[in-house]
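Numbering follows our numbering, in which position 327 of the sequence shown is assigned residue number 327; successive positions increment by one, without gaps. For glycine and all other residues, C-beta sits at the position ideal for the given N, C-alpha and C.
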Amino acid sequence: MKQLYTILATLAVSVLPTISQQVVPSQTIPVKLPKHIERMHAPESSKSESEIYDVTMILSEDFEKFTKGTVEKPDTEVLDGFIDSELTQAPYWSAQSVYQAGGCVFIDRANDINANLCSPILELPDNGKPVVVTFKGRLGDKTYNHDWVQVYMIDVTDPNDPKTFTNDYANCYDEWKEYKFVLDKARKGTDFFFQFSGYDTSVLFDDIEIKFLDPKVTPPVASAHSDFHLKGFTANWEPVEGADSYLVSLYTINSDRDKTRNYIVKDQQVNGTSYAFSDIETHEATYYYVVKAKKGNTESPESKAIKVNGLITPTDIQVTTDSSGNLEISWSEVPGADYYEFMAYRQYEAKTDETFVVSEENFDKLVSSGTPLEPEWDLPEQEELDGFTNQPGWIAQNPAHINGAYGLVGYYYQQYGSLAFLESPYMDLSPNGGNVNVSLDLYGAYVDELDICNAIVRMMTVDLENQKLETVDRKTIVDLPAEWTSHSVDLKGGTNLSTIEILSTAGYLFIDNILITQQLKAGEKAKVIYSDTKTEKNSISVPVLDILRGQDIVFRVRAVREIWDEMHFSVNEYVRGAYTGEHSYSVATSGIEGVESGSAQVKVMIENGTLFVVNPDGEAVEVFDTTGRNVASDHSGAQLVTIPLDSKGIYIVRVADKTFKVL
């Protein structure tokens, strides 16, 4: 990847000498981020900026004095170093490989990978307001049909230690486009300049403005949707003081490079703080809604968009038994579902006071060429970890892979606000008063030399009905070094449906040897996973083990859809509907037993192309074909393991130290 070089202007040419410094991160993610991070820069309103905002202009440059050359044929006299103040509205603009182009500026990165234009140094007050940069841009190289325009904000508060503060970028074509970058990272410094350039090739800039924008009307805060069903949902938002009405819009995003909006409803006027959209197929697309407040003829800016991407919850849960006493569970079919996730529990009772292992993961099954210095980071935004973990149900967002450990790209959160987390399966953490210990090994790696790699470990409760997670306790592990270190945190607030999340806030975070435990008293009960599986049908057969007889089995099910990339190489996103409520079924004490009477032995069988392993002690299960190839494994600790088989034939099944041959 090309390195990024920065020319720095002077704080005050009469006081300080010119500063010239390379800003080269010790480890860098390419500016071309994965497509799921690409940001949209769509116009938010047909009204002018001055109609929506009170504008405080910090710097404006229209390049009207750049009279030499044209857009098609820029001037041949290069502008390097400080630009003559007679050519700009404000002094101390600086440049490298920049040319006049008939009222705009030509930045020649096609012939100089370090070509850029830099603003004067600006003193910005610590007012908590985002800095807004607007400009016009287009390609300056006819051999390209696409590139990026990019803006870097450089902190020179300490002139001896200039540093990249934040940046943004957008697609650029061979036509003029208007751009608006909102740089909302909280500022601690006071002195900054802004660097403009293309990425791979030459670009043209015009009408650069750096400013603060204060909305004339406060934008609403859009909140989560409700009443989701097959044909619609209700959009919600918080009221704005003094607003007469609201304008709500619903759209999808096209698959083009710029993620342009396809409006279904545009600026629907509403008097209240909710609006029910109807006559749409909620399972066929990802929808977004935004809302604006209106006071008289003045509109606010848009709210942040709320993403609506869901499936309805299965209904009509039916439980019957077959002639062998096994359970047949069915539910209503969900339109748009690719498959269903089924999870069932039985209760575990501690015989003595003991340390109960809720989950244990070491990621030994994650085989990767990645290392902490060069991880695999160009991965789908969301990932299911069933192939890497002992217990199914772990998920992650913004992952990175290294051999034998799991990583998160905290850089995406630091720069773009996109959470980077590893999340455990939903678990019953109510025993021991909801207190849990989490021990783990962590390694912090820099993306930018200024990164401070922190990890957050948090306890979250799960509200299935409203599809919400709420943080009830969290611990922060700060300033992680670039080496493996061991940590242990105690969390409280666990309920009968909770999850543990590990988050990265900057750089890379690598994770290994996770151990989640609780202290149980003799007689105290905890839910133990009995079955955790997927089925493409809206029904499932659950064999009843002897260990389950006379107890309750508790289960839930949800629908899942996979959204693949355009080439169908990988899953970009998993759309999961809400789980059903927990359903309980009391298993009879008699019946044809799934294991030999009273012995709780391991048993292996194949029925209808599915391998069933009765696994009373929750041992590791490995499945091999007759060539010795490992075709499946399960380390979940479940007492009933179900594994779909690709073909008929003889299989060798190893359960701990026992081996079985099945046909």
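Strand pairing of residue i, partner residues [DSSP]
i      : result
Ala276 : Thr234
Asn720 : This structure does not reach residue 720, given that the chain is present from 1 up to 663, and the question cannot be answered.
Asp147 : Cys172
Pro215 : Tyr53
Lys475 : Val457
Tyr345 : Ile529 and Val554
Tyr667 : Because the chain here runs from 1 to 663, residue 667 falls outside it and cannot be looked at.
Glu123 : Asp191
Asp206 : Lys136
Ile312 : In the DSSP output, where bridge partners are listed per residue, Ile312 has none listed.
Nearest-angstrom Cα separation, counted from residue j out to residue i
i      : j      : result
Asn160 : Asp191 : 13 Å
Val554 : Ala482 : 44 Å
Val149 : Pro74  : 18 Å
Lys259 : Tyr348 : 50 Å
Asp227 : Leu311 : 12 Å
Val623 : Asp657 : 13 Å
Gly434 : Thr471 : 14 Å
Glu86  : Lys65  : 8 Å
Lys174 : Tyr144 : Residue 174 is actually Asp in this sequence, not Lys. For Asp174 and Tyr144, the distance between alpha carbons rounds to 8 Å.
Tyr411 : Glu536 : 36 Å
Val478 : Thr67  : 54 Å
Asn659 : Phe388 : Here residue 659 turns out to be Thr, not Asn, going by the sequence shown. Computed Cα separation, rounded: 23 Å.
Pro25  : Lys163 : With a pLDDT of 27 at Pro25, under the threshold of 50, the predicted position of this residue should be treated as unreliable, though the coordinate-derived value follows. Approximately 9 Å, taken between the alpha carbons.
Ile592 : Ser369 : For Ile592, the predicted model reports a pLDDT of 32, less than 50, meaning its position is unreliable and no value from the coordinates is stated.
Val240 : Val290 : 14 Å
Asp279 : Lys468 : 26 Å
Asp141 : Asp200 : 10 Å
Ser94  : Gly81  : 5 Å
Arg109 : Glu178 : 20 Å
Arg629 : Val653 : 12 Å
Ile83  : Phe63  : 12 Å
Glu384 : Leu464 : 19 Å
For residue j and residue i, believed in contact at Cβ under 8 Å, the rounded distance
i      : j      : result
Phe212 : Val151 : Actually they do not touch by this definition, with Cβ atoms about 16 Å apart.
Asn326 : Ser584 : Actually they are not in contact, since the Cβ atoms of Asn326 and Ser584 sit about 17 Å apart, beyond 8 Å.
Ser249 : Lys266 : 5 Å
Val71  : Leu204 : 6 Å
Gly493 : Thr461 : 7 Å
Val489 : Arg346 : No, Val489 and Arg346 are not in contact; Cβ-Cβ is about 29 Å, not under 8 Å.
Pro220 : Ile52  : Rounded, the Cβ-Cβ distance is 14 Å, inconsistent with contact.
Tyr406 : Leu440 : At roughly 10 Å, the Cβ-Cβ gap does not stay under 8 Å, so Tyr406 and Leu440 are not in contact.
Val613 : Val641 : 4 Å
Tyr251 : Asn262 : 6 Å
Glu501 : Arg558 : Contact doesn't hold; Cβ gap of about 19 Å is too wide.
Tyr339 : Val560 : 6 Å
Simplified DSSP state of residue i, which is helix, strand or coil
i      : result
Glu536 : coil
Gly523 : coil
Asn572 : strand
Tyr446 : coil
Leu611 : strand
Glu77  : coil
Glu302 : coil
Ser599 : Residue confidence for Ser599 is low, a pLDDT of 35 falling below 50, so the modelled location carries little weight and cannot support an answer.
Gly434 : helix
Leu429 : coil
Glu86  : helix
Asp490 : strand
Pro677 : Past the edges of the chain, shown from 1 to 663, lies residue 677, and the structure says nothing about it.
Gln518 : strand
Phe63  : coil
Tyr289 : strand
The alpha helix (DSSP H) enclosing residue i, as first and last residue numbers
i      : result
Ser50  : Glu49 to Ile52
Gln415 : Tyr411 to Tyr416
Delimiting residues of the beta strand (DSSP E) encompassing residue i
i      : result
Tyr251 : Ser245 to Ile253
Cys681 : Outside the displayed span of the chain (1 to 663) sits residue 681, for which this structure offers no information.
Lys177 : Lys177 to Leu183
Asp565 : It is not in any beta strand (DSSP E) - Asp565 carries neither H nor E in the DSSP assignment.
Arg138 : Val131 to Leu139
Arg680 : In the structure as shown, the chain begins at 1 and stops at 663. Residue 680 is therefore absent and cannot be evaluated.
Glu360 : Glu354 to Glu361
Asp227 : Ala222 to His229
Lys351 : Looking at the DSSP string, Lys351 is not in any beta strand (DSSP E), and its letter there is neither H nor E.
His583 : His583 to Ser586
Val623 : Val621 to Asp625
Val631 : Asn630 to Asp634
Residue-level contact to chain D via CB, residue i, 9 Å cutoff
i      : result
Glu384 : You won't find chain D in this structure, because it holds only one protein chain.
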